[in-house]
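Peer 1:
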Amino acid sequence: MLLDSLEAQGLLYNSNFKEDVGTDWQAYRGDLVLIEGEVADSLGRRKPPVATLVGAVLLADATQLKFMTGSLDEVAHLVPLMAKYGPFLTPGMRTLLYVVNIDAPMQVEADGVHFVLLPLADGLVWNELMDELRLEKGDFKGQSSGEKVATVYRTYQDYRSKYEAVSLAVACSRANGAKRAIHGAV
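Residues in the sequence shown are numbered consecutively from 41, following our numbering.
This is the structure in structure tokens:
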């Protein structure tokens, strides 16, 4: 399965879970590495990633990603996302990404994949996604973690956004310099 391959390559980071959904799909929640850290020693171990898709929610079959959402620190990280994972994205796929450094929602078409980009400086991807798709706890009653991701995927098939459509270059030019709000122990 594709997610097993990504895990073996060390591209699934800070994993919450990776679980089979039926016999054909796997679901994942955690972070997805976009830009790997440099090699730290002679054994090939790497430093932490330079950039990740934070709070990624993925659904994949054996060879392709069917659903992807998460949060980018910078809209420009859409470029390394497409470079690293473009071959695994289902043609015609629609995905929703939260972006820290944009002010207004927008849509971008890149390499046959439709991206809805929503601003989010603070918050959890899963919670924001539930609000955006108007899902409630009752919609997931009795489901495993992986089945919940499959439910989100099926619901997202009916999701339509009416945000401004722009090119990738225009989207990148709209970066506002905002940084992710990080909260830790006080």
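For each residue, glycine too, the CB sits at the ideal point set by N, CA and C.
Whole angstroms is fine: what's the gap from VAL97's alpha carbon to THR191's?
Peer 2: Going from the Cα of VAL97 to the Cα of THR191 covers about 12 Å.
Peer 1: What does the Cβ neighbour count give for THR103, buried or exposed, with the cut at 16 atoms within 10 Å?
Peer 2: The residue is exposed, with fewer than 16 neighbouring Cβ atoms inside 10 Å.
Peer 1: To which residues does DSSP link LEU158 through a beta bridge?
Peer 2: Its beta-bridge partners are TYR138.
Peer 1: Using the C-alpha atoms, what's the distance from ASP81 back to ASP179?
Peer 2: If I take the Cα positions, the gap works out to 47 Å.
Peer 1: Helix, strand or coil: how does DSSP classify LYS58 here?
Peer 2: LYS58 falls in the strand class under three-state DSSP.
Peer 1: Relative to the alpha-carbon of GLN49, which residue among ALA211, LYS202, LYS124 has its alpha-carbon at the smallest distance?
Peer 2: Nearest option by C-alpha distance: LYS124.
Peer 1: Could you tell me the alpha carbon to alpha carbon distance between ALA209 and VAL139, rounded to whole angstroms?
Peer 2: Near 15 Å, if we compare the C-alpha coordinates of VAL139 and ALA209.
Peer 1: Leaving out the 5 sequence neighbours to the left and right, which residues in its chain are closer than 6 Å to ALA205 when beta-carbon positions are compared?
Peer 2: Closer than 6 Å at Cβ, skipping near neighbours: GLN147.
Peer 1: For a quick check, are the C-beta atoms of PRO120 and ALA91 less than 9 Å apart?
Peer 2: Yes, they are a contact pair.
Peer 1: When the Cα atoms are used, what is the spatial distance from SER201 to LYS188?
Peer 2: Each residue's Cα considered, the two are about 22 Å apart.
Peer 1: Which runs of the alpha helix (DSSP H) at least 4 residues long sit entirely within the region 70–151? Give them in chain order.
Peer 2: DSSP runs (the alpha helix (DSSP H)) wholly in the region 70–151: 118–125.
Peer 1: Measure the C-alpha to C-alpha separation of ALA100 and ALA218 and round it to an integer number of angstroms.
Peer 2: Spanning the two alpha carbons is a distance of roughly 31 Å.
Peer 1: Using the beta-carbon count (16 or more within 10 Å), is ARG69 buried or exposed?
Peer 2: Counting Cβ neighbours within 10 Å, ARG69 comes out buried, since at least 16 surround it.
Peer 1: Measuring alpha carbon to alpha carbon, tell me which residue in ARG220, GLY126, ALA150, LEU72 is nearest SER55.
Peer 2: That would be LEU72, whose Cα lies nearest to the Cα of SER55.
Peer 1: May I have the straight-line CA-CA distance separating ARG86 from ILE75, to the nearest angstrom?
Peer 2: Approximately 11 Å, taken between the alpha carbons.
Peer 1: Identify whether ALA48 lies in helix, strand or coil by the three-state DSSP scheme.
Peer 2: Correct three-state label for ALA48: helix.
Peer 1: Buried or exposed: where does VAL79 fall if 16 or more other Cβ atoms within 10 Å of its Cβ makes it buried?
Peer 2: It is exposed - the Cβ of VAL79 has fewer than 16 other Cβ atoms within 10 Å.
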